[in-house]
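Going line by line, the protein sequences match chains A and B.
Residue 1 is where the first sequence starts when you use my numbering, and the numbers rise one by one after that.
Residue 1001 is where the second sequence starts when you use my numbering, and the numbers rise one by one after that.
For glycine and all other residues, C-beta sits at the position ideal for the given N, C-alpha and C.
Report on one structure; see the data block that follows.
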Amino acid sequence: MANEKLVYMDHSATTATDPEVIQAMLPWFSEHYGNPSSLYRLARESRTAIEDARKKVAVAIGATPEEIFFTSGGTESDNWALIGTAFSHKKKGTHIITTAIEHHAILHTCEYLKKQGFSVTYLPPDESGKIQIEDIRAAITEKTILISVMFANNEIGTIQPIHEIGHICRERGIIFHTDAVQAIGNVPINVTNMDIDLLSLSGHKFYGPKGTGALYIRKGVRIDSYLHGGAQEKRKRAGTENVPGIVGLGVAIEKAVHDQEVKTKRIRDLRDRLLERIFTEIPNCRLNGHKTDRLPGNINICFEFIEGESLILLLDHAGIAASTGSACSSGSLEPSHVLMAIGVPIEIAHGSLRLTLGHENTEEHVEYVCKELKKAVEKLRAMSPLYADYMKKRQ
Amino acid sequence: MYSEKVMDHFMNPRNQGEISDADGVGEVGNPSCGDIMRIFIKVKDNIITDVKFQTFGCGAAIASSSMATELIKGKTLEEAWEMSNKAVVEALEGLPPVKVHCSVLAEDGIHQAINDYRIKQGLSPWEEKGGHTHSHDDETCE
């Protein structure tokens, strides 16, 4: 690395664990290491720590502690929510509604469920990434048992009308799941007011530890157990609890929702400043996603005439961590399914850049990223045959 | 993920640019597949005296263009035609398996440029031996 400086703008991928979270976790490794299922005092301390964390998670999303089940992260929560409800409601119906822009933890699970005899409707979003309420109403059949719509999209940041969708589901007696992995700490969430039955969350997206997460299961919602074995998590998710991880998750979510409005406003202002700078300084680019209903730290832009992976490499060389929806970055040959679903032309989708800002980003970072981004785009355009053709046409 | 050699050629590409009075031009790839390579050659006495490239693509595509053009510069047309994508991969000290097609693109681009030159000279184009082309004219990208 030519440059030791690191400007991290990939907070939708993961975040650095908060030092306070780490401090809270440390005693639960070798000091209070008792198995929460054992009977002696050492074990009871672990049990209390888990229940304390459960309360914190419940408070953060407006649930009760009995409705929170700890998992290994967002992917497990998504898999459990879908598979667990699909199989437990099979007699009632076999139809599931979701969207074309879900995370692969949902989309690939739906593909699995299709193989198990379920049918799945994938709703297309509009060009801002929003799902239309009328489309949801129209897709519901007598056999619909589950609707799963993500709270906010991980690539383009678009926030869905979750409350309205929840309302329809409740009215029609259909279970409503939302993957809120990107939304926690960024958008106000209240599962009770929003008529949410199941909600997935992941610790490492809000400065908690990796490998931690939870599934909110509204009281009374029938769902099959996911991991079979011991009596942990009310026999629904067996396996000795990740006590340090759960403690860390609890502290992280408590911090994430504390002063959420103030913190997200700071990030949104920085994001808007960076966006404005980019659009002022770099021609031929377009913003993907919704203009206002989007995650506060999210920027997703396509730069015409260049390819995203090479852009990421140049930014990396300048010490900037970002990501792209380009095919070349993923090992597949298709660009991002999200960009395709919102109708970005395929050749332009290859030139997408996602910058996701977080707590540690500063004005200085914004200036630096804008400067380096401009240099990188110019460098790649200078060698692009598409740009050469475009410039010739303009002359 | 990339070798130092790939990163060197990506960060400091050799022969990048355009030859406005090129004797042969080859273009391969497709924007919907995320890669296009354009190769320009100047030929004198059957020797490639100058070569330039323009590439839209990933790091491997840019590094492959840079390395391939280096390998054929100063070579006879026959020698340049014989340069395989494997030679490009070796010179780059390897490419990740999913990126090998970028080196194929470079080989194809050079073949197209040479045949463009031959056609302009009133000669018949040489035929591809292996039969592979990276024409991208189908719906799929590989």
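In whole angstroms, give me the CA-to-CA distance for residue i and residue j.
{"i": "valine 1088 (chain B)", "j": "threonine 178 (chain A)", "result": "48 Å"}
{"i": "isoleucine 223 (chain A)", "j": "threonine 85 (chain A)", "result": "5 Å"}
{"i": "proline 1097 (chain B)", "j": "serine 1103 (chain B)", "result": "11 Å"}
{"i": "aspartate 78 (chain A)", "j": "serine 1066 (chain B)", "result": "44 Å"}
{"i": "lysine 90 (chain A)", "j": "glutamate 142 (chain A)", "result": "13 Å"}
{"i": "glutamate 4 (chain A)", "j": "proline 19 (chain A)", "result": "22 Å"}
{"i": "leucine 26 (chain A)", "j": "glycine 248 (chain A)", "result": "9 Å"}
{"i": "glycine 1024 (chain B)", "j": "valine 377 (chain A)", "result": "28 Å"}
{"i": "alanine 138 (chain A)", "j": "arginine 1014 (chain B)", "result": "57 Å"}
{"i": "glutamate 51 (chain A)", "j": "lysine 234 (chain A)", "result": "13 Å"}
{"i": "tryptophan 1126 (chain B)", "j": "asparagine 1115 (chain B)", "result": "6 Å"}
{"i": "serine 12 (chain A)", "j": "histidine 1009 (chain B)", "result": "31 Å"}
{"i": "methionine 1011 (chain B)", "j": "lysine 130 (chain A)", "result": "39 Å"}
{"i": "arginine 266 (chain A)", "j": "glutamine 160 (chain A)", "result": "22 Å"}
{"i": "serine 88 (chain A)", "j": "isoleucine 175 (chain A)", "result": "11 Å"}
{"i": "glycine 62 (chain A)", "j": "phenylalanine 151 (chain A)", "result": "15 Å"}
{"i": "asparagine 1030 (chain B)", "j": "lysine 92 (chain A)", "result": "48 Å"}
{"i": "asparagine 190 (chain A)", "j": "glycine 358 (chain A)", "result": "22 Å"}
At the 9 Å Cβ level, is residue i part of the contact set with chain A, yes or no?
{"i": "aspartate 1138 (chain B)", "result": "Only weak support exists for where aspartate 1138 (chain B) lies, its pLDDT of 39 falling under 50; the value from the coordinates is given anyway. Not an interface residue."}
{"i": "glutamate 1070 (chain B)", "result": "no"}
{"i": "methionine 1037 (chain B)", "result": "yes"}
{"i": "glutamate 1082 (chain B)", "result": "no"}
{"i": "serine 1032 (chain B)", "result": "yes"}
{"i": "glutamine 1054 (chain B)", "result": "yes"}
{"i": "isoleucine 1062 (chain B)", "result": "yes"}
{"i": "methionine 1007 (chain B)", "result": "yes"}
{"i": "glutamine 1121 (chain B)", "result": "no"}
{"i": "glycine 1059 (chain B)", "result": "yes"}
{"i": "serine 1135 (chain B)", "result": "Model confidence at serine 1135 (chain B) stands at a pLDDT of 46, short of 50, so the residue's coordinates are unreliable and nothing is read from them."}
{"i": "glutamine 1112 (chain B)", "result": "no"}
{"i": "methionine 1067 (chain B)", "result": "no"}
{"i": "glycine 1017 (chain B)", "result": "yes"}
Out of the options, point me to the one whose CA is closest to residue i's CA.
{"i": "cysteine 302 (chain A)", "options": "A:Ala318, A:Asp316, A:Ala321 and A:Gly325", "result": "A:Gly325"}
{"i": "leucine 201 (chain A)", "options": "A:Thr240, A:Ile175, A:Pro161 and A:Ala256", "result": "A:Ala256"}
{"i": "proline 244 (chain A)", "options": "A:Glu66, A:Asp197 and A:Gly208", "result": "A:Gly208"}
{"i": "glutamate 399 (chain A)", "options": "A:Ala43, A:Met391 and A:Lys265", "result": "This structure leaves residue 399 (chain A) out entirely; chain A is present only between 1 and 395."}
{"i": "glutamate 1128 (chain B)", "options": "B:Met1083, B:Ile1062 and B:Lys1075", "result": "B:Met1083"}
{"i": "glutamate 347 (chain A)", "options": "A:Asn361, A:Arg266, A:His317 and A:Cys285", "result": "A:Cys285"}
{"i": "aspartate 126 (chain A)", "options": "A:Glu372, A:Asn361, A:Thr356 and A:Gly343", "result": "A:Gly343"}
{"i": "aspartate 269 (chain A)", "options": "A:Asn298, A:His290 and A:Thr280", "result": "A:Asn298"}
{"i": "lysine 1073 (chain B)", "options": "B:Gln1054, B:Ile1048 and B:Phe1010", "result": "B:Ile1048"}
{"i": "valine 369 (chain A)", "options": "A:Pro283, A:Thr292, A:Arg273 and A:Ala382", "result": "A:Arg273"}
{"i": "tyrosine 33 (chain A)", "options": "A:Ala49, A:Gln23 and A:Ile22", "result": "A:Ala49"}
{"i": "threonine 1076 (chain B)", "options": "B:Tyr1117, B:Gly1059 and B:Pro1031", "result": "B:Tyr1117"}
{"i": "serine 38 (chain A)", "options": "A:Glu102, A:Leu199, A:Asp389 and A:Gly230", "result": "A:Gly230"}
{"i": "isoleucine 184 (chain A)", "options": "A:Thr362, A:Thr109, A:Ala214 and A:Gly308", "result": "A:Ala214"}
{"i": "glutamine 1054 (chain B)", "options": "B:Glu1078, B:Ala1106 and B:Gly1094", "result": "B:Ala1106"}
{"i": "lysine 291 (chain A)", "options": "A:Glu281, A:Ser128 and A:Ile246", "result": "A:Ser128"}
{"i": "leucine 380 (chain A)", "options": "B:Glu1090, B:Cys1058, B:Leu1095 and B:Gly1094", "result": "B:Cys1058"}
Closer than 9 Å, CB to CB, is residue i near chain B or not?
{"i": "glutamate 309 (chain A)", "result": "yes"}
{"i": "glycine 350 (chain A)", "result": "It is worth fixing the name first, because residue 350 (chain A) is histidine in this sequence and not glycine. By this cut-off, histidine 350 (chain A) is an interface position."}
{"i": "phenylalanine 305 (chain A)", "result": "yes"}
{"i": "methionine 340 (chain A)", "result": "no"}
{"i": "tyrosine 390 (chain A)", "result": "no"}
{"i": "histidine 104 (chain A)", "result": "no"}
{"i": "leucine 287 (chain A)", "result": "no"}
{"i": "histidine 337 (chain A)", "result": "no"}
{"i": "proline 430 (chain A)", "result": "Outside the shown range of chain A (1 to 395) lies residue 430 (chain A), about which nothing can therefore be said."}
{"i": "serine 128 (chain A)", "result": "no"}
{"i": "tyrosine 13 (chain A)", "result": "The sequence as given places alanine at residue 13 (chain A); tyrosine does not occur at that position. Taking Cβ atoms only, chain B never reaches closer than 9 Å to alanine 13 (chain A), which makes this a no."}
{"i": "isoleucine 346 (chain A)", "result": "yes"}
{"i": "serine 384 (chain A)", "result": "yes"}
{"i": "serine 326 (chain A)", "result": "yes"}
{"i": "leucine 6 (chain A)", "result": "no"}
What distance in whole Å lies between the Cβ atoms of residue j and residue i, which are believed to be in contact at a cut-off of 8 Å?
{"i": "serine 1124 (chain B)", "j": "leucine 1092 (chain B)", "result": "The pair is not a contact, with the Cβ atoms about 33 Å apart (cut-off 8 Å)."}
{"i": "histidine 1111 (chain B)", "j": "tryptophan 1081 (chain B)", "result": "7 Å"}
{"i": "tyrosine 122 (chain A)", "j": "threonine 99 (chain A)", "result": "6 Å"}
{"i": "arginine 237 (chain A)", "j": "tyrosine 226 (chain A)", "result": "5 Å"}
{"i": "lysine 1042 (chain B)", "j": "isoleucine 1019 (chain B)", "result": "6 Å"}
{"i": "methionine 383 (chain A)", "j": "glutamine 1016 (chain B)", "result": "5 Å"}
{"i": "asparagine 300 (chain A)", "j": "glutamate 102 (chain A)", "result": "About 16 Å separates the two Cβ atoms, so there is no contact after all."}
**Prompt:** Where in the segment 135-173 of chain A do unbroken runs of the beta strand (DSSP E), each at least 3 residues long, occur, reported from the N-terminal end onward?
**Reply:** Runs of the beta strand (DSSP E) lying entirely within the segment 135-173 of chain A and spanning at least 3 residues, in chain order: 144-148.
**Unbroken stretches of the beta strand (DSSP E), 3 residues or longer, contained in the segment 259-312 of chain A** = You should have 285-287 and 298-303.
**Inside the segment 51-102 of chain A only - beta strand (DSSP E) runs reaching at least 3 residues** = 68-71 and 95-99, all fully within the segment 51-102 of chain A.
**Message:** I'd like the ranges of any beta strand (DSSP E) spanning at least 3 consecutive residues and lying wholly in the segment 207-268 of chain A.
**Reply:** Taken in chain order, the complete beta strand (DSSP E) segments of 3 or more residues contained in the segment 207-268 of chain A are 213-217.
**Asked** What residue ranges within the segment 1043-1096 of chain B form continuous alpha helix (DSSP H) runs of no fewer than 4 residues, ordered along the chain?
**Response** Counting whole runs of 4 or more residues, the segment 1043-1096 of chain B contains the alpha helix (DSSP H) stretches 1059-1072, 1077-1082 and 1085-1091.
**Message:** Extract the residue ranges of the beta strand (DSSP E) inside the segment 339-389 of chain A, only unbroken runs of 3 or more that lie entirely within it.
**Reply:** Runs found: 352-356.
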